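Okay, so the sequence shown: first residue is 1 according to full-length UniProt numbering, each after it adds one. Below is one structure, written out as C-alpha cells; comments come after it.
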Amino acid sequence: MPQTLAEWIKTCPLPKLEARMLLQHATGYTRAQLITREHEVLEENVQTALNALACRRIQGEPMAYILGNREFYGRMFKVNPHVLIPRPETEHLVEAVIRYLPRSGKVWDLGTGSGIIAVTIALERPDAQVSASDISAAALQTAADNARALGAEVEFSCGSWFEAGRPSENHTFDIIVSNPPYIEAEDSHLQQGDLRFEPQSALTDFSDGLSCIRALAEGAQTYLKEGGRLMVEHGYNQGRAVRELFKQNGFREIETLQDLAGQDRITLGTIGLEAV
C-alpha cells in the first residue's frame, strides 16, 4: 500500500534517525524537505527500494555501506565493503601527521583503504607530496575515486606494505603513516556490530595483532629520511608493545598519543636522531 513520507518513517522498525537517513538517501531530499513534504506519497519504486534498504539495515549491515559514504575530517568519503568504515579515532593520526610534516614534506600512507588519511593530508597540506598504497586493488580504486572526487593530489601504488615502494624512494620520506590491521585473531569484537561486515584482512592480522606494526617498524627506516617519523594507529591496549617494537628497530623520541576517550591510540617515533 502506498505510504506518505511521514507514514513510512512511522511504520519503519528502525530508529527514526536511521529511517530518515534512508529516506533522504532514496529520495534525495534534505532533512528540511522531509518535514515540508511529509504528506507526499512515495512512488512505488522508491518505496520498494526503501523497504529493501531497511531490511539490509535490520540484518545489521552498516549504514555507511548502505548509504555508500561516511564523513571524515569534515568531508564525505565513498565507502564500500572493500574498505574499512572511517572512524573518528583516525582523525588523531591525521592531525599528528599535519603537526609534524615539514613544509613541502613527503608522506607515505601504507594500507590506505578508502584513502581517508592520504586524501585528507593532501587537502589540508597542498604543499606536501603524498603517496598511498594498498595490497587491495579494489581498495585502491575506492581511494582513487575519493581523491578524484575531492580534488586531492595523491600518487597511488599497489603492493603489500613496503613491496609497493621503489628503490629510488629510499630515505626520501619525512613521514610514513599507517592504520594497519591490529585486532588479534581471536578477538570477539570481530563477530560483533559493523566489524562483521568490514573486510577482515583490514581489521586483523590473523595473529597477535602486532605483526603488521612489526613489519612497519622493521621496514620504515629504509624509506625514511634522517629524522623522519613513523606514525601508526593501534589498539587501546597495545601502546606499550608498540613502543617496544619501535625501540627495538632504532626509533627514538617515541611517544604514544591518546584519543578523546583517554585511550592509547597513536604511537610515533623518529629514526636516526639521538634521544634528547
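Heads up, the beta-carbon is just placed ideally off N, CA and C, and yes, glycines get one too. Values in this document were obtained by computation on a predicted structure and should not be read as measured data.
Report yes or no: do the segment 166-173 and the segment 133-142 share at least 3 C-beta pairs separated by less than 8 Å? no
With a threshold of 16 other CB atoms inside 10 Å of the CB of Q238, please say whether the residue is buried or exposed. buried
Between which residues of its own chain and E7 is the CB-CB distance below 8 Å, once the five residues before and five after are set aside? none
Own chain partners of E91 with C-beta closer than 6 Å, once the 5 adjacent residues on each side are dropped: Taken in chain order, the residues that qualify are Y73.
Beta-bridge partners of G269, as assigned by DSSP: L230
Looking at the structure shown, is Q238 part of a helix, part of a strand, or coil, going by DSSP? coil
If I follow the unbroken beta strand (DSSP E) through C158, where does it start and stop? 155-158
DSSP three-state assignment for F206, whether helix, strand or coil: coil
Quick one: give me the first and last residue of the beta strand (DSSP E) that D134 is part of. 129-134
What residue does the alpha helix (DSSP H) around D145 start on, and which one ends it? It spans 137-150 - the alpha helix (DSSP H) in which D145 sits, taken as one unbroken run.
M1 bridges to which residues according to DSSP? According to DSSP, which records beta bridges pairwise, M1 is partnered with nothing at all.
Residue range of the unbroken beta strand (DSSP E) whose run includes E43: It is not in any beta strand (DSSP E) - E43 carries neither H nor E in the DSSP assignment.
Kindly identify the DSSP beta-bridge partner or partners of V177. D109, M231
Can you tell me the Cα-Cα spacing of M1 and E43, whole angstroms? 11 Å
CA nearest to the CA of L195, picked from E61, S104, N51, Q33: Checking every option, the nearest Cα to that of L195 belongs to E61.
How many whole angstroms separate the CB atoms of L224 and I271, which I take to be in contact at a CB cut-off of 8 Å? 5 Å
Is the segment 79-99 close to the segment 147-160, with three or more CB pairs under 8 Å? no
Go ahead and pull the three-state DSSP assignment for L17. helix
Note down the Cα distance separating R148 from N69, rounded to an integer number of angstroms. 15 Å
Does the segment 50-61 come close enough to the segment 9-27 that 3 or more CB-CB pairs lie under 8 Å? Touching, yes, given that three or more Cβ pairs across the two stretches are closer than 8 Å.
Using three-state DSSP, classify A103 as helix, strand or coil. The identity of residue 103 in the sequence shown is Arg, whereas the question assumes Ala. Looking at R103 - three-state DSSP - the assignment turns out to be coil, as it is neither helix nor strand.
In terms of residue numbering, what span does the alpha helix (DSSP H) encompassing R31 cover? 31-36
Using the Cβ count rule (16 or more neighbours within 10 Å means buried), how would you classify V276? A caution first: V276 carries a pLDDT of 36, below 50, which makes its placement in the model too unreliable to give a value.
With a threshold of 8 Å on Cβ separation, who are the neighbours of D187 within its own chain once the five nearest residues in sequence on each side are excluded? T204, G209
Residues bridged to K78 [DSSP beta-bridge criterion]: N69, per the DSSP bridge assignment.
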